[in-house]
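Undergrad: Going line by line, the protein sequences match chains A and B. Residue 242 in my numbering is what sits at position 202 of the first sequence, and the numbering runs on without skipping anything. Residue 342 in my numbering is what sits at position 302 of the second sequence, and the numbering runs on without skipping anything. Submitted below is the structure of interest, expressed as structure tokens.
Protein chains: 2
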Amino acid sequence: MVSLHTLPNGVRVVVDPMPELKTAALGVWVSAGSVDERQGEYGIAHLLEHMAFKGTERRSTLAIAEEIEGVGGYLNAATSHQRTGYYARVLKDDLALGADILSDILAHPRFDEDELAREREVVVQEIGEAADTPDDVVFEKLTEAAWGAHPLGRAILGTPESVRAQTPSSLRGFMARCYRPQEMILAAAGAVEEDALLKLAEDWFGSFSGEGEGAERRAPPFLGGLRHDKRKIEQTHLAVAFPGVASAHADFFATRLYADVLGGGMSSRLFQKIREERGLAYSVYAFADGFDNAGLLGAYVNAEAKHIAEAATIIRAEMEATAAAMTAEEVARGKALLRSSLMLGLESPANRIEAAAGQLFTYGALMDADEILARIDAITVADMQRCAARALEGPCAVSIVGPCKTAPVEAAFNLS
Amino acid sequence: MVSLHTLPNGVRVVVDPMPELKTAALGVWVSAGSVDERQGEYGIAHLLEHMAFKGTERRSTLAIAEEIEGVGGYLNAATSHQRTGYYARVLKDDLALGADILSDILAHPRFDEDELAREREVVVQEIGEAADTPDDVVFEKLTEAAWGAHPLGRAILGTPESVRAQTPSSLRGFMARCYRPQEMILAAAGAVEEDALLKLAEDWFGSFSGEGEGAERRAPPFLGGLRHDKRKIEQTHLAVAFPGVASAHADFFATRLYADVLGGGMSSRLFQKIREERGLAYSVYAFADGFDNAGLLGAYVNAEAKHIAEAATIIRAEMEATAAAMTAEEVARGKALLRSSLMLGLESPANRIEAAAGQLFTYGALMDADEILARIDAITVADMQRCAARALEGPCAVSIVGPCKTAPVEAAFNLS
């Protein structure tokens with residue numbers, strides 16, 4: 041059974057044994073992301089995640105890589121708007137090494153000046169890759185259209201200029217302010233035992249300290265409007281969003297289920313109308329994203345420019361039509377898909393620790409599968425309709441990347 | 041324990057129970073891919089995979105989607121140069137439905153004229169998406185540089201023109217020729233029981249027939265040379281390859297291990313020299329790909345144009361240096377990473393059926409984990425050096441997408 045503990049310094053520890061496995065997934069999450077950056081720091085949360093791997097007081101950059109890969113393990117990390125996560129995947133016997141390294145890179149990063157100079161350039165290359173990926177850009181610009189200059193509207197990677205402006209001192213400052221043990225979660229699943237993992241947690245994470253003030257996260261006003269990046273590519277990417285709800289909101293599951301009925305699977309409205317019935321696009325879907333104090337409810341399609349006006353019109357019409365009436369079969373299918381995606385997620389230790397950390401940050405408690413299933417079961421069509429109707433009142437944010445006549449899209453979403 | 045059976049019609053059946061799971065992965069693979077296409081058929085293997093979902097004698101397009109998603113399951117499919125695979129992920133009790141649907145879409149596809157007209161356009165949109173994805177294009181052009189007009193050198197998706205030229209009759213012709221029960225594999229893993237699955241296999245796949253002549257696959261001569269797509273993007277993508285070995289070749293594992301030491305992880309030569317020591321790129325790695333009668337050994341990097349010449353020089357130098365001398369530690373790390381990636385793969389039912397089908401196509405038999413581990417253990421540095429030296433004799437294929445002065449790259453790989 042999964043268990044939750046809190047170390048004296050506030051670090052929460054989740055242990056989730058899966059006795060049939062021979063490998064373990066171990067992760068540390070901190071409640072620090074791009075939304076916590078102040079002016080002059082844009083991109084620092086992500087740059088800090090990179091610099092964690094660039095040497096500690098005890099280990100060089102190369103030694104970190106060689107030690108973990110010497111036992112066939114691997115390390116990874118990811119930075120989002122609100123969180124940074126560091127992961128190790130190891131065989132059962134190497135869990136202690138994984139805990140040691142994750143602790144070391146978070147507690148004792150070296151932030152060497154020369155290493156930083158090179159790593160800033162690596163991140164600049166990563167920014168270039170993202171800029172060449174239209175479906176990354178279209179969502180970056182969508183959040184900008186939704187929330188403008190608010191931190192949730194800013195790109196996680198920052199800009200080449202903002203990244204090149206960071207120093208060892210700015211990294212130390214951000215870390216001292218935002219990496220706090222009471223906002224840190226250590227989670228392990230797979231070939232792990234509760235007692236042994238708790239011992240590792242105490243040994244390696246029990247001495248984390250930090251008096252940082254943290255960051256106050258404020259709800260962003262939803263601005264809406266159009267962003268259009270006119271680049272000449274084969275396909276045009278369109279993403280639209282209305283105000284959704286925060287991830288902890290009682291309506292989050294109902295909003296997510298509405299999005300699934302609208303565009304969550306092959307049998308969904310958007311897939312059937314846009315792809316199967318008209319052949320307009322290969323990729324089309326709807327989504328509901330939740331953050332601490334905001335959310336998005338929207339849809340995405342990627343098609344030749346000449347199909348975009350028609351696709352936009354269908355998306356808007358189906359958003360309204362789905363909000364107005366859903367069949368019992370559609371809702372039952374949506375619930376079945378949500379349930380089975382939960383079951384599938386439970387089979388992977390990496391998914392389990394990610395989900396556990398997400399629940400602790402969102403609800404302050406773990407939510408077991410039965411409770412999630414009960415929440416899904418309890419959703420009514422009226423709940424979904426209320427959520428959709430509230431969102432569709434607007435405002436609306438629209439992002440387009442690629443060649444496109446924007447007037448029909450603006451008309452479809454009442455922007456003009 | 042995993043078991044292998046052969047139905048009277050030649051369909052092979054793999055059953056791989058994982059008693060702790062509540063879901064199952066079920067897949068059907070046929071030894072039919074883009075290499076089996078004749079002139080006038082380019083893209084048909086992949087288009088056929090799409091059309092399998094567009095209605096059968098018993099089910100409409102919508103009914104296929106609604107039935108599987110009604111139980112929270114999902115369907116997917118993929119076409120490669122040599123194979124086409126169709127998958128279902130379902131909860132334990134829905135395995136029979138998954139087998140029914142996979143059988144139905146393969147045995148009784150409708151190939152309706154109107155559905156085909158629309159689906160051709162969906163595939164044209166998919167071709168557009170691939171054309172906008174530089175790291176797809178760079179590998180398409182790499183195989184073209186390696187193998188020219190040979191089927192292995194051609195893009196799997198075909199071209200808009202070649203796809204629009206396909207008809208219900210051409211689809212039926214390709215299917216009759218290449219979808220043969222003796223080249224078909226049904227594999228299930230997860231919440232499955234041997235007897236029950238065998239019964240489903242007999243019921244749903246026992247009557248597959250086919251007298252198709254199949255296709256003779258010939259080894260392609262490795263041509264080599266440069267392809268340069270000069271599009272204006274932020275980053276330039278460089279992929280290079282030398283002749284590797286076929287997937288069934290005794291040297292395949294040694295070639296793969298050489299590629300891992302060269303550029304397989306954070307501690308690898310290319311990652312350290314190009315990313316960690318010089319900050320030239322975010323993405324860099326080496327690879328060994330195996331096909332029925334050919335292979336590639338190469339490397340990829342993605343960086344600003346001004347870094348490409350230096351990256352190319354380092355890649356060539358490290359290919360030679362690694363072939364000349366490797367440390368015992370490097371080889372041990374490479375073996376540890378190969379072993380643990382095998383162990384991790386065993387934890388996912390979807391990975392297990394994919395691997396089982398691959399082994400049957402490659403070796404004509406299943407290879408258990410212990411045998412793979414023994415093969416990895418047995419690799420010597422001399423094996424790896426022999427494989428690398430043979431590959432580096434050339435010729436060399438180079439593919440570049442993005443702005444680039446090609447002369448220094450051609451010089452690095454002796455193309456000029």
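Where a beta carbon is used, it is the ideal one built from N, C-alpha and C, also for glycine. Note that the structure is a prediction, hence the values are computed from the model and not measured.
Using alpha carbons as the reference points, say which of Glu-180(A), Ser-120(A) and Lys-62(A) lies closest to Asp-269(A).
TA: Glu-180(A)
Undergrad: Below 8 Å on the Cβ atoms is my contact criterion, and I expect Glu-370(B) with Val-301(B) to pass it. Report the Cβ-Cβ distance as a whole number of Å.
TA: 5 Å
Undergrad: Does DSSP classify Ala-56(A) as helix, strand or coil?
TA: The identity of residue 56(A) in the sequence shown is Asp, whereas the question assumes Ala. Asp-56(A) falls in the strand class under three-state DSSP.
Undergrad: If the criterion is Cβ atoms closer than 8 Å, does the pair Ala-390(B) and Ala-65(B) meet it?
TA: The answer is yes: Cβ separation under 8 Å.
Undergrad: What residues from chain A crowd round Gln-275(B), counting only those whose CB sits closer than 9 Å?
TA: Simply Gln-165, Gly-168, Glu-169, Ala-171 and Asp-172.
Undergrad: DSSP on Leu-302(B), reduced to helix/strand/coil?
TA: helix
Undergrad: Just mark Ser-43(B) as buried or exposed, buried being the case when its beta carbon has 16 or more other beta carbons within 10 Å.
TA: exposed
Undergrad: Is the CB-CB distance between Cys-436(A) and Asp-291(A) below 8 Å?
TA: no
Undergrad: Tell me whether the stretch 81–91 of chain A and the stretch 49–60 of chain A touch, counting them as touching only if at least three CB pairs, one residue from each stretch, are closer than 8 Å.
TA: no
Undergrad: What is the residue span of the beta strand (DSSP E) that Ile-225(A) lies within?
TA: 224–230
Undergrad: Using only alpha-carbon positions, find the residue among Arg-217(A), Ala-195(A), His-289(A) and Glu-234(A) that is nearest to Gln-399(A).
TA: For Gln-399(A), the nearest C-alpha among the options comes from His-289(A).
Undergrad: Measuring straight from C-alpha to C-alpha, what distance separates Met-424(A) and Glu-161(A)?
TA: 46 Å
Undergrad: Expressed to the nearest angstrom, what Euclidean distance is found between the alpha-carbon atoms of Pro-261(A) and Ala-334(A)?
TA: 9 Å
Undergrad: Does the Cβ of Met-366(B) have 16 or more other Cβ atoms within 10 Å, making it buried, or fewer, making it exposed?
TA: buried
Undergrad: For Leu-336(B), list the residues DSSP reports as bridge partners.
TA: In the DSSP output, where bridge partners are listed per residue, Leu-336(B) has Pro-283(B) and Asp-329(B).
Undergrad: Which value, in whole angstroms, describes the spacing of the CA atoms of Gln-206(B) and Ile-196(B)?
TA: Whole-angstrom Cα-Cα distance: 15 Å.
Undergrad: Between the stretch 169–187 of chain A and the stretch 439–450 of chain A, can you find at least three pairs of beta-carbon atoms closer than 8 Å?
TA: The stretch 439–450 of chain A vs the stretch 169–187 of chain A: in contact.
Undergrad: Cα separation between Trp-187(A) and Thr-402(A)?
TA: Cα-Cα distance, rounded: 21 Å.
Undergrad: Run through chain B and tell me which residues come within less than 9 Å of Ser-323(A), C-beta to C-beta.
TA: Gln-165, Glu-166 and Glu-169
Undergrad: Are three or more beta carbon pairs between the stretch 212–223 of chain B and the stretch 300–318 of chain B nearer than 8 Å?
TA: no
Undergrad: Compute the Euclidean distance between the alpha carbons of Ala-194(B) and Ser-74(B), then round it to the nearest angstrom.
TA: According to the sequence shown, residue 194(B) is Arg rather than Ala. Taking the straight line from one Cα to the other gives about 8 Å.
Undergrad: Which chain B residues are close to Tyr-403(A), counting only those with a beta carbon under 7 Å from its beta carbon?
TA: Within 7 Å Cβ-Cβ: nothing; Tyr-403(A) doesn't reach chain B, min ~24 Å.
Undergrad: Quick check on the DSSP output: the alpha helix (DSSP H) that includes Ala-65(A) runs from which residue to which?
TA: Segment 63–70 is the beta strand (DSSP E) holding Ala-65(A); no alpha helix (DSSP H) there.
Undergrad: For the ligand NAD, is there any heavy atom lying closer than 7 Å to the beta carbon of Gly-110(B)?
TA: Here there are no bound small molecules, and the ligand NAD is not part of this structure.
Undergrad: Rounded to whole angstroms, what's the CA-CA distance from Glu-107(B) to Ser-249(B)? Just pull it up for me.
TA: 26 Å
Undergrad: In chain order, what residues of the same chain have a beta carbon less than 6 Å from the beta carbon of Pro-57(B), not counting five sequence neighbours either side?
TA: Val-232
Undergrad: How far does the beta strand (DSSP E) with Ile-393(A) in it extend, from its first residue to its last?
TA: DSSP places Ile-393(A) in no beta strand (DSSP E) but in the uninterrupted alpha helix (DSSP H) bounded by 389–403.
Undergrad: List the residues of chain A whose Cβ lies closer than 7 Å to the Cβ of Met-366(B), in chain order.
TA: Near Met-366(B) there are no residues of chain A at all, since even the closest Cβ is about 14 Å away, more than 7 Å.
Undergrad: Can you name the start and end residues of the beta strand (DSSP E) that His-45(A) belongs to?
TA: 43–46
Undergrad: Would you list the one or two residues that DSSP bridges to Tyr-219(B)?
TA: According to DSSP, Tyr-219(B) bridges with nothing at all.
Undergrad: Look up Leu-211(A) in the DSSP assignment and say whether it is helix, strand or coil.
TA: helix
Undergrad: Take the Cβ of Gln-79(A) as the centre, count every other Cβ of all protein chains shown within 10 Å, and call the residue buried at 16 or more, exposed below.
TA: Taking all protein chains in view, the Cβ of Gln-79(A) is surrounded by fewer than 16 other Cβ atoms within 10 Å, so the residue is classified as exposed.
Undergrad: Hey, Thr-467(A) and Leu-337(A): beta-carbon distance below 8 Å or not?
TA: The structure shown does not extend to residue 467(A), since chain A is modelled only from 41 through 456, so no value can be given for it.
Undergrad: Considering only the beta carbon of each residue, do Ala-286(B) and Ala-326(B) sit closer than 8 Å?
TA: no
Undergrad: Listing by chain order, which chain B residues have their CB less than 7 Å from the CB of Leu-61(A)?
TA: Glu-387
Undergrad: Between Ala-279(B) and the rest of its own chain, which residues show a CB-CB distance below 7 Å, the 5 nearest in sequence each way excluded?
TA: If we look at Ala-279(B) and ignore the five residues flanking it on each side, its Cβ neighbours are Val-178, Phe-179, Leu-182, Gly-338, Tyr-340 and Ser-439.
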